Each structure stands twice: as C-alpha cells, then as structure tokens.
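S.K.: When the letters of the sequence shown are read in order and numbered with the UniProt record's numbering, they come out as residues 1 to 416.
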Amino acid sequence: MQLFPFGHATHPQWQMAAGLVLAQLRAQMTLPGYAPAPTLGLLYITDHYAAVAQEILDHLGAELPLVTDWSGTVGVGIASSNVEYFDEPALAVMLCAVPSDQYRVFSGVAPLAPTFTPHTAALVHADASTPDVAELIAELADRTTTGYLFGGLASSRSDVVQFAVAGNGNLQGHGKAGGVFRGGLSGVAFAEGVQLVSRVTQGCQPIAPARTITGADNNLVLELDGEPALDVLLEDLQVTLEQPQAAMVALRATLAGLSQASEDVMNRAGHFGTDVVVRHIIGLDPRRRGVAIADKVEEGMKLAFCRRNMEAARSDLVRICSEIREELEPEELPLAVASALAVSDALAAPTPARRIAGAIYVSCAGRGGPHFGGPSAEMQIVRRALGDVPLVGFFAGGEIARSHLYGYTGVLTVFR
Numbered sequence: 001m002q003l004f005p006f007g008h009a010t011h012p013q014w015q016m017a018a019g020l021v022l023a024q025l026r027a028q029m030t031l032p033g034y035a036p037a038p039t040l041g042l043l044y045i046t047d048h049y050a051a052v053a054q055e056i057l058d059h060l061g062a063e064l065p066l067v068t069d070w071s072g073t074v075g076v077g078i079a080s081s082n083v084e085y086f087d088e089p090a091l092a093v094m095l096c097a098v099p100s101d102q103y104r105v106f107s108g109v110a111p112l113a114p115t116f117t118p119h120t121a122a123l124v125h126a127d128a129s130t131p132d133v134a135e136l137i138a139e140l141a142d143r144t145t146t147g148y149l150f151g152g153l154a155s156s157r158s159d160v161v162q163f164a165v166a167g168n169g170n171l172q173g174h175g176k177a178g179g180v181f182r183g184g185l186s187g188v189a190f191a192e193g194v195q196l197v198s199r200v201t202q203g204c205q206p207i208a209p210a211r212t213i214t215g216a217d218n219n220l221v222l223e224l225d226g227e228p229a230l231d232v233l234l235e236d237l238q239v240t241l242e243q244p245q246a247a248m249v250a251l252r253a254t255l256a257g258l259s260q261a262s263e264d265v266m267n268r269a270g271h272f273g274t275d276v277v278v279r280h281i282i283g284l285d286p287r288r289r290g291v292a293i294a295d296k297v298e299e300g301m302k303l304a305f306c307r308r309n310m311e312a313a314r315s316d317l318v319r320i321c322s323e324i325r326e327e328l329e330p331e332e333l334p335l336a337v338a339s340a341l342a343v344s345d346a347l348a349a350p351t352p353a354r355r356i357a358g359a360i361y362v363s364c365a366g367r368g369g370p371h372f373g374g375p376s377a378e379m380q381i382v383r384r385a386l387g388d389v390p391l392v393g394f395f396a397g398g399e400i401a402r403s404h405l406y407g408y409t410g411v412l413t414v415f416r
C-alpha cells in the first residue's frame, strides 16, 4: 500500500485554508511512494468552520474529482502529523488509497448493505446527543467480524456535523443533505483486505487498588468489596465530609475506572488496561453511603478510583506507539530500510519503509498539547515514538475503540 497524501492548514478564511491543503495534497500525489489516485477522503474541521461545512466539502469534492467517497466530522481541535489546532479555524485531509471493493461509507440513515461484510468499522463518528449512543456503538461492533471499532464522538461549540459521501456524490437515504448531516453515527467500514493495527492509550492513573462492586443500583455504587462505597472513596482520598471544602476539591479531581469482572484493570506497568472505561463521579449519597457514576454499574464489575496524570499518559502513549512499530517492523531490516527509520527528527519524512501508509488519531478534547505541557505536545510525542507518517485526526467528546465508549484516552490506528 502506498503512502496516503495528507494536508492541514489554518486560516480565518476557509477558502485559503482549503487552497493550502489542496496544494499539499497535489504535491504529494506526484511524489514517488505516494498514492497518485486515492478514492477515499477523510476530512476533519474545527468548529470554527462548522457553519460552512457543506461549502468546504463541495469545494474539495470539485477540486479532487478522483476522490469519490468522503468521511469525517468536526472537533474543537484537529490533529495532523506533529501539529494540533485548538481554538482556531483549521482543516485536515487525508486521501486513502484503499481498493474500492474493500470499504463502504455508511451513516445512520444509510446503513451498511447486507451484501458487504465489514471486518472492522473505521472512523466511527457519532453525535453525543444521539439517544443510546453507547448501545448503537455496541450494536455496530457486533456487525463486524472482529467486533472492533475505532473513532470518536464529534465535539463542537456550534454545529455538530458529520461527512458521509459515497461514489455517487451522496449516500442513498440522505435526500438533499449533500453529504453533510447531523445526528447518529457515520464512518467507513473496511473489509478484511485492509490491514489495520489499533491501540488505546489511557490518560488516568489509579490512586487505589481495584475493587469489586458488591452493591449497585443503576448508576449508584453502594458497596465495594462489601464496604460502603462512599466510605471507601473517602478513605482512598484521605478526606472527610466533616471538612467539606477540602473534600470537594479532592472529589472534583477524582474519576472512576470501570471494567467487567473478566477484564484486567491494570497492566504490568501499573497503568489502566485497555478494557477500563473512565467515568465522572457525578454525586454522593450520604444516606445510602453510595457514589454515583456517570454510567450504569452492575454487581461484579471492578472499580478503581483514579486521576488524570500527565506522566502516566505520556508513558502510555509512547508504549502504544512502540507496540505498533514492533508489530509492523520485521525482525531483520534491510540496510535501506534501517537507514530510513534511523534518520533524525529534523530530516524525517514519511516513507514506505515504516510499513505505515497512514494513521488516524482520535484523542480526548481534554488531552492535547495543554495536557502534555505545550502546544502540539501530544502529536509531537506520537511523531517521535511512531515516526513521521501521514496522519490526521480530531479531538473528541468521547473515544471509540472496540465496542466501548472511552473518556480521557487516545485511539491510534494505522493502515499497514
């Protein structure tokens, strides 16, 4: 598979940003190693451009007639190789050279046809306001051969838009939507011929051992290992309700990591495993000595109280990038390949030697450079650890991996 052309730009006028992106794409499509005629476009815009989403899509479609299919969404921030755009008008595009019989664009009003069997469903974009969105994600995962999805919830301070265009310029069922619509789920389903590698990186660090939920009522945790849940929480935080101000400060900084009874809570490094979903603590019940969680809980599940931690997030992000590189690189490298991979960051450029045609990174809107210590810091960590590869993505209101809806995580997926 050849390298995927990609481009990104920021400008107060969307026409200027689109022109800069198109110039990057066209230049790359003439270079050796890059795909000269890709057909699937991935488009991400910041919410500054949400009101002109249709104009942007129409313009890109007209300027890139060979690209017959489009998918994407809006975020409060977007990402590309080594750069993040937060709180500024920006867009990013990647053109994927995937055989047309190996993928299908879908949406809630134009679902996958029974004749296409998805192996994985990539870039699942969802509107957080959609009723039962977590259940819809799980149902979509059940339709795939592997049960693995990846993507995220669109995030926006204005319109929440998604892009879904098939080869005829629209998807059947969209009416006059023109490829830009609101609500539900959309994305791209891939067949088995498209090889993907995906990993989840956690952004929180447990502050106490995992315990079993032994008493629950809907979203209220009543008992942990047979003890009142509120008492356990206060003991873990070393606070008391008799000092409410100090207690509230500690509680606001605390989250709950949940997993099923059969799933691992911690990995070998003492960080959360990929099966853990992090949820907010939304209230306390002093009378019943319970702790309310922003998710339904059941007896037998495991829970560990946690906090966001920059160093833990950094090391876990490096870990998943290293795992992906190790999985893709052969044990013995030819000299030309080893030389390409060993080049310094200053001279690095995307190369087929990395065995990565392109990458998609969906991160939590609460992460990004500000969480990692500086502008574009998260994407710089990815570039140093994974290498310089074509990459686009967005900062989401919730991250999707497998059949789960995560929070405070990053989901990195690469095309082999």
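The beta-carbon is built from N, C-alpha and C at its ideal position, and this holds for glycine as well. Since the structure is predicted, the reported quantities are computational estimates derived from the model, not experimental observations.
#1: For the alpha helix (DSSP H) that contains Gln243, what are its first and last residues?
#2: Report the three-state DSSP secondary structure of Ser315 (helix, strand or coil).
#3: What do you get for Leu224, buried or exposed, if any count of 16 or more other CB atoms within 10 angstroms of its CB means buried?
#4: For Arg325, which residues in the same chain have their Cβ closer than 6 angstroms to its Cβ, ignoring the five residues on either side in sequence?
#5: Count the other CB atoms within 10 Å of the CB of Thr413; is the residue buried (16 or more) or exposed (fewer)?
#6: Look at the Cβ atom of Ala294, then the Cβ atom of Leu284, and state whether they are nearer than 9 angstroms.
#7: Would you decide whether Tyr406 is buried or exposed? Buried here means 16 or more other CB atoms lie within 10 Å of its CB.
#8: Please return the same chain residues whose Cβ sits closer than 7 angstroms to the Cβ of Ala208, not counting the five positions on each side in sequence.
#9: Where in the stretch 6-73 do unbroken runs of the alpha helix (DSSP H), each at least 4 residues long, occur, reported from the N-terminal end onward?
#10: How should Gly167 be labelled, buried or exposed, when 16 other C-beta atoms within 10 angstroms of its C-beta is the threshold for buried?
#11: Can you list the beta strand (DSSP E) stretches of 3 or more residues lying completely in the stretch 166-227, in chain order?
#12: Within 10 Å of its beta-carbon, does Thr240 have 16 or more other beta-carbons around it, so buried, or fewer, so exposed?
#13: Taking a contact to mean a Cβ-Cβ separation below 9 angstroms, would you say Ala92 touches His8 in this structure?
#14: Check each candidate in Ser262, Ala401, Gly187 and name the one with the smallest Cα separation from Thr212.
#15: How many Å lie between Gln172 and His125 at the Cα?
#16: What does the alpha-carbon distance come out to for the pair Phe106 and Pro244?
#17: State buried or exposed for Phe272, treating a residue as buried only when at least 16 other CB atoms are found within 10 Å of its CB.
#18: Using alpha carbons as the reference points, say which of Ser129, Phe395, Ile356 lies closest to Val369.
#19: Would DSSP call His125 helix, strand or coil?
#20: Pop quiz: Val411 and Pro350 are said to be a contact at Cβ under 8 angstroms. What is the actual Cβ separation, rounded to whole angstroms?
#21: How would you label Ala27, buried or exposed, when you count the other beta carbons within 10 angstroms and need 16 or more for buried?
#22: Identify, in the order they occur along the chain, each residue of the same chain with its Cβ nearer than 7 angstroms to the Cβ of Pro99, setting aside the five sequence neighbours on each side.
#23: Inspect the CB distances between the stretch 119-134 and the stretch 52-59 and report whether three or more fall short of 8 angstroms.
#24: Which runs of the beta strand (DSSP E), 3 residues or longer, sit entirely within the stretch 88-166?
M.R.: Reading from the atomic positions:
#1: Unbroken run through Gln243: none, as it is neither H nor E.
#2: helix
#3: buried
#4: none
#5: buried
#6: no
#7: buried
#8: Asp236, Ala304, Phe305
#9: 14-29, 53-63
#10: exposed
#11: 185-190, 196-201, 204-206, 211-217, 220-224
#12: exposed
#13: yes
#14: Ser262
#15: Confidence in Gln172 is poor, its pLDDT being 49 and thus under 50, which makes the residue's placement unreliable; the coordinate value appears in the next sentence. The straight-line gap from Cα to Cα measures roughly 18 angstroms.
#16: 50 angstroms
#17: buried
#18: Looking at the sequence shown, residue 369 is not Val but Gly. That would be Phe395, whose Cα lies nearest to the Cα of Gly369.
#19: strand
#20: That pair is no contact at about 21 angstroms.
#21: exposed
#22: Gly193
#23: no
#24: 90-96, 103-107, 120-126, 149-153, 162-165
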